[in-house]
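Chemist: When you line the sequence shown up against our numbering, it's residues 5 to 144, in that order.
Quick reminder that beta carbons are idealized off the backbone N, C-alpha and C, glycines included.
Here the structure is a predicted model, which is why all the values come from computation and not from measurement.
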Amino acid sequence: MNKAAANTSLLEEIIDPMLQRKYNIFEMKALVQVALQCVEEDKDVRPTMSQVVEMLLLQEKVSDGHKRLVTLLREKMNPMLDANISSIEEIVDPMLEGKYDIGKMETLVGVALQRVAEDKDARPTMSQVVEMLLGQKRDS
Numbered sequence: 005m006n007k008a009a010a011n012t013s014l015l016e017e018i019i020d021p022m023l024q025r026k027y028n029i030f031e032m033k034a035l036v037q038v039a040l041q042c043v044e045e046d047k048d049v050r051p052t053m054s055q056v057v058e059m060l061l062l063q064e065k066v067s068d069g070h071k072r073l074v075t076l077l078r079e080k081m082n083p084m085l086d087a088n089i090s091s092i093e094e095i096v097d098p099m100l101e102g103k104y105d106i107g108k109m110e111t112l113v114g115v116a117l118q119r120v121a122e123d124k125d126a127r128p129t130m131s132q133v134v135e136m137l138l139g140q141k142r143d144s
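1. Specify the secondary structure class of R119 as computed by DSSP and reduced to three states.
2. Taking just the CA atoms, how far does P128 sit from V38?
3. From what residue to what residue does the alpha helix (DSSP H) around L35 run?
4. On a CA-only basis, which of R119, Q41 and I92 is nearest V57? Give me that one, please.
5. Go ahead and pull the three-state DSSP assignment for T75.
Printed below as a string of structure tokens:
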């Protein structure tokens, strides 16, 4: 078991089972990190209450931003994928000024959408992601 999987496994052991795995593991990791700072033995190292609030608000902001980005991508890409239409330009950073391969970008966005699927069992593993991206590289 790799380190990340071991850490996730340990984390899941301390999370209240009444949550029935209805949580974002990354948000939980961030919350546990804040909690661990709060119980630091050396009181001079512990964050103040205002620092804790700031850390939690920052975490919420990052999480909300991630959710909005995923929602935007799904709203833009799913109809295009269903209709087999490419309008990747709508979501690509305009600073790229069209200097990218549309096929590669479509693959990248498609893989990203699969990785954030609501059903965690539908998400590809990282090795599958690498294979999809390498497959795209070989095809070009």
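Modeler: By the coordinates alone:
1. Looking at R119 - three-state DSSP - the assignment turns out to be helix.
2. So the alpha carbons of these two residues sit roughly 30 angstroms apart.
3. Taken as a continuous stretch (DSSP letters only), the alpha helix (DSSP H) holding L35 covers I29 to C42.
4. It is Q41.
5. If DSSP states are grouped into helix, strand and coil, T75 belongs with the helices.
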